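*Asks:* Protein chains in written order, with the UniProt record's numbering: chain U, 1 to 366; chain C, 1 to 366.
Here it is: the structure, laid out below.
There are 2 protein chains.
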Amino acid sequence: MSDAPVTLSQVAREAGVSLATASRAINGSATRSVRADLRERVLETARRLDYSPDPSAQAMARGRTSALGLVVHDIADPYFSTIAAGVARAAEREGLIVTLSSTEHSPERELAFVELARRQRSRAIILAGSRGVPPEALPGKLPAEVVDRLQREAGALEQALTTFQQAGGGVATIGQAVGRLPVVEIDNAGGAGDLARELHRIGYRRFGVLAGPPGLRTAADRTSGFLGALAELGCPVPDRDVVRGSFTRDGGHEAMTALLGRTASAAAASEERTPEIVFAVNDVMAVGAMAAVRDAGLSVPHDVAVAGFDDIHTLRDVSPGLTTVRIPLDEISEAATSLALGRKDETPAPVRGEVVLRDSTPGTAG
Amino acid sequence: MSDAPVTLSQVAREAGVSLATASRAINGSATRSVRADLRERVLETARRLDYSPDPSAQAMARGRTSALGLVVHDIADPYFSTIAAGVARAAEREGLIVTLSSTEHSPERELAFVELARRQRSRAIILAGSRGVPPEALPGKLPAEVVDRLQREAGALEQALTTFQQAGGGVATIGQAVGRLPVVEIDNAGGAGDLARELHRIGYRRFGVLAGPPGLRTAADRTSGFLGALAELGCPVPDRDVVRGSFTRDGGHEAMTALLGRTASAAAASEERTPEIVFAVNDVMAVGAMAAVRDAGLSVPHDVAVAGFDDIHTLRDVSPGLTTVRIPLDEISEAATSLALGRKDETPAPVRGEVVLRDSTPGTAG
DNA sequence: CTGTTAGCGCATTCAT
DNA sequence: ATGAATGCGCTAACAG
């Protein structure tokens, strides 16, 4: 019925107090305090008039909003949507509004959103799946142009985040660090190494890897951790069995299809070089890879075993169960929220995942 | 380096014009216009100073923000995250900021968010998975208390949305209508009926249904559409083979487990009444149900066939492929955004899904 | 402890 | 066509 929203001054007038008092009563000012009976009267009339503050006005007066920006590559990806759920829950508790940006893997959008968050004076911003220049460890040199572009993009992003932070905003990244900014780090290399050792222990020897795209540190770290551990075990993976694909379900499908095609033709010459197990650097890729195996008329794990990384929730429903490295996404997203909001002073220790063996890698004993 | 954001007045001063002129030059006022050379000068200095407007200030001056509110039950659910992706894409095109609320199935949060959107003067709000009082058609009477609560909740939600709309905000719901508010409707009953007829055609006769919870119209409509079509085909489903569960993956798992347990014990007495096929009212429930079948040591479709509804993306990776009713979620979420933004005058025709038969329901011919 | 006042950054009305 | 002035709703100095 009532069209125009109720304002604070209406409440104040109605309650017979000044604007300032009403504000303090409702908001509980840090410095000043309000007599109990007055506060009660204000609160009561506010309730009666169904008052609630205008966030824009508060933002202007305070110089900061109560918005929490969340940046993900693709909200439809279970990995990111799980993170989003955790962040949303934490934000709700803190009374913050979540503003979402699904960048669809575009560095430009990522950057634009960070800058928007700054001028909007968002309280904090959380970056999941952030980028970073790939370490040298990444197998296969990249063209100088590509490295150049990646560096430029990473630099711009870091610069924007730093500016945001200097303007008083909180920042946290999930996955791996961007510059020296706060991060809930995932020990990707360590987890992948653990996985490699475990798979080796249960008997696998001929490995393939579905690596991610250049420019994604997370992917690069997992790849190098995996390959490094195998090399130490005296079980190196030939370059030709490391196939790049995008960090998505379809990327996994394509990479696996390519690998299968290549090894099929090679099989005639020397059967020995067919990977008996393939590690995809994340679960959505692994799931796509499993589909590719099925599409090729083969079966997991009979013809080829598969392992992933992350342990996304939807894995409960894939069959056979996918061996992976469990990352506690819920905890991590909550931790990132706390970190971004300055609830924790220091950067927490890197999260090291836990290897979870399932039916997709039964081992070679049987 | 520069800490404080650049303001319009700084740009104006720097360009040697008044605040008003700068505003008009940058924003292109509706009524007034600006001389070309001046405008160019303003634009140039704005660019040079890296000016960008403060959304809160604009919101206050204009009386409306450029925020688009999105309400979903659970952002981690693939159904909703797909919708979110579509809405995010459309919003990006429109230059709007998406504010997300993952209500975790809480009517109170839903309501709170709608009210927040009003206070915040959001441009529009999109409600996915909205509630509604279940139609009488729903099998099994509900306790009067429950009906009462549901009605109260639905009424409050509709009231809040209507108020928001009267205050100038755009509204669209996805799924089924809330009152007379704009909606991109899904013909749930029709689609479920089509599915029932198709399954009947390929030979199935003994059906079970994993129905949703009371209070969810979408679930109720699908259930009644399915049961109604079967009744017309002379193939009614006994009440005992209609099991309720929550509208989630776990709900499907539990309901299927319950159904299997019940029929297992009943099987001793009369084998005939074991459902040969079970329809879960959405895909995530169906996927949970398939897991339950596996957990019981049985197999799909050999021991029991399964069908779902929605055709969520992640279905590509379940095996065997799940028969379902395909709903074009991408189109729908874009349509809903247009509708909420008033880009379309009239409510579009209800979307009727398309039955997609896959390996989970091979039929009884073989 | 309470009230008065001055902006926050911008769009817009009114004069010019 | 341009500029000066007003106010959006609220918080935070400043007085009392």
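Each residue gets a CB set at the ideal place from its N, CA and C atoms; glycine is no exception.
Quantities reported herein were computed from a predicted structural model and do not represent experimental measurements.
For A84 of chain C, which residues in chain U fall below 9 Å Cβ to Cβ?
*Replies:* Under the 9 Å cutoff, chain U gives I75, A76, S81, A84, L100 and S102.
*Asks:* What is the DSSP secondary structure of F80 of chain U, reduced to helix, strand or coil?
*Replies:* Note: F80 of chain U maps to helix in three-state DSSP.
*Asks:* Taking only beta carbons into account, state which residues of the segment 114-134 of chain C come closer than 8 Å to chain U, listed in chain order.
*Replies:* Listed in sequence order: E115, L116, R118, R119, Q120 and R121.
*Asks:* Can the beta-carbon of A229 of chain U be found less than 7 Å from the beta-carbon of R201 of chain U?
*Replies:* Cβ distance not < 7 Å, so A229 of chain U and R201 of chain U don't count as in contact.
*Asks:* Below 9 Å on C-beta distance, what does P143 of chain C contact in chain U?
*Replies:* Residues of chain U passing the Cβ test: none, with the nearest at roughly 30 Å.
*Asks:* Quick one: residues in its chain with C-beta nearer than 8 Å to the C-beta of R358 of chain U, no 5 flanking neighbours on either side, listed in chain order?
*Replies:* Same-chain partners within the cutoff: P320, G321, L322, T323 and T324.
*Asks:* Look up E346 of chain U in the DSSP assignment and say whether it is helix, strand or coil.
*Replies:* In this structure, E346 of chain U counts as coil in the three-state DSSP scheme.
*Asks:* Out of U:E354, U:T361, U:G353 and U:G342, state which residue places its alpha-carbon closest to the alpha-carbon of R123 of chain U.
*Replies:* When only C-alpha atoms are compared, the closest one is U:G342.
*Asks:* Tell me where the beta strand (DSSP E) around I202 of chain U begins and ends.
*Replies:* Note, I202 of chain U: premise wrong, no beta strand (DSSP E); not H, not E.
*Asks:* Secondary structure at E354 of chain U, three-state DSSP: helix, strand or coil?
*Replies:* In the structure shown, E354 of chain U sits in a strand (DSSP, three-state: E or B).
*Asks:* Closest to I174 of chain U by CA distance: which of U:T218, U:Q159, U:Q151 and U:F164 is it?
*Replies:* When only C-alpha atoms are compared, the closest one is U:T218.
*Asks:* For the putative contact between V304 of chain C and V293 of chain C, defined by C-beta atoms under 8 Å, what is the C-beta separation to the nearest angstrom?
*Replies:* V304 of chain C to V293 of chain C, Cβ: 6 Å. Contact.
*Asks:* Give, in chain order, every residue of the segment 304-336 of chain U whose Cβ lies closer than 7 Å to some Cβ of chain C.
*Replies:* Here the close residues are H313, T314, R316, D317, V318 and S319.
*Asks:* Would you report the Cα separation of E108 of chain C and R249 of chain U, rounded to the nearest angstrom?
*Replies:* Those two C-alpha atoms are separated by around 36 Å.
*Asks:* Tell me which residues of the segment 43-64 of chain C have at least one Cβ-Cβ distance to chain U shorter than 8 Å, keeping chain order.
*Replies:* For the segment 43-64 of chain C, which is checked against every Cβ of chain U, the residues closer than 8 Å are S52, P53, D54, P55, S56, A57, A59 and M60.
*Asks:* What do you reckon, are the CB atoms on A91 of chain U and V184 of chain U nearer than 7 Å?
*Replies:* It is not a contact, given that the beta carbons lie outside the stated cut-off.
*Asks:* Would you say the segment 273-281 of chain U touches the segment 249-260 of chain U, given that touching needs at least three Cβ pairs under 8 Å?
*Replies:* The segment 273-281 of chain U is in contact with the segment 249-260 of chain U.
*Asks:* Going along the segment 279-295 of chain U in order, which residues come within less than 8 Å of chain C, judged by CB to CB distance?
*Replies:* Hits within the stretch, in order: V287, G288, M290, A291 and R294.
*Asks:* Consult DSSP for T324 of chain U and reduce its assignment to one of helix, strand or coil.
*Replies:* Three-state result, T324 of chain U: strand.
*Asks:* So, does the segment 49-57 of chain U touch the segment 9-28 of chain U, judging by three or more C-beta pairs under 8 Å?
*Replies:* The answer is yes - the segment 9-28 of chain U touches the segment 49-57 of chain U, with three or more Cβ pairs under 8 Å.
*Asks:* Below 8 Å on C-beta distance, what does A88 of chain U contact in chain C?
*Replies:* The answer, in chain order, is I75, L100, S101 and S102.
*Asks:* In three-state DSSP terms, what is D310 of chain U?
*Replies:* Note: D310 of chain U maps to strand in three-state DSSP.
*Asks:* Select from C:R205, C:Y204, C:A189 and C:L199 the residue whose C-alpha is nearest the C-alpha of A211 of chain C.
*Replies:* If we check each option's Cα against that of A211 of chain C, C:A189 comes out closest.
*Asks:* Would you verify that the beta carbon of residue 375 of chain C is, or is not, closer than 7 Å to some beta carbon of chain U?
*Replies:* This structure cannot speak to residue 375 of chain C, because chain C is shown only from 1 to 366.
*Asks:* For the ligand HEM, I want to know if M285 of chain C counts as a neighbour, meaning its beta carbon is within less than 6 Å of at least one of the ligand's heavy atoms.
*Replies:* In terms of ligand content, the structure shown is empty, and the ligand HEM therefore cannot be addressed.
*Asks:* Counting only the same chain and skipping the five closest in sequence on each side, list residues whose C-beta sits under 6 Å from that of R326 of chain C.
*Replies:* The residues are D311, G353, E354 and V356.
*Asks:* R118 of chain C and A177 of chain C - do their beta-carbons sit closer together than 7 Å?
*Replies:* Going by C-beta atoms, A177 of chain C is not nearer than 7 Å to R118 of chain C.
*Asks:* Would you mind telling me which residues of chain C sit closer than 9 Å to P5 of chain U, beta carbon to beta carbon, in chain order?
*Replies:* Per Cβ cutoff of 9 Å: R118, R119, R121 and A167.
*Asks:* Any idea what DSSP makes of I332 of chain C, helix, strand or coil?
*Replies:* Of the three classes helix, strand and coil, the one that applies to I332 of chain C here is helix, per DSSP.
*Asks:* Chain C beta carbons: is any one of them nearer than 7 Å to that of I202 of chain U?
*Replies:* For I202 of chain U, the answer is no, since every Cβ of chain C falls outside 7 Å of its Cβ.
*Asks:* Within 8 Å, do at least three Cβ pairs link the segment 91-105 of chain U to the segment 71-79 of chain U?
*Replies:* Touching, yes.
*Asks:* Relative to the C-alpha of A144 of chain C, which candidate in C:G203, C:V171, C:V114 and C:G215 has its C-alpha closest?
*Replies:* Selected option, being the one with the closest Cα: C:G215.
*Asks:* How big is the Cα-Cα spacing for R39 of chain U and T7 of chain U?
*Replies:* Computed Cα separation, rounded: 17 Å.
*Asks:* With respect to the beta strand (DSSP E) encompassing L70 of chain U, which residues constitute its N-terminal and C-terminal limits?
*Replies:* Residues A67 to V72.
*Asks:* Are there 16 or more other CB atoms within 10 angstroms of the CB of T21 of chain C, so buried, or fewer, so exposed?
*Replies:* Answer is buried; the Cβ neighbour count reaches 16.
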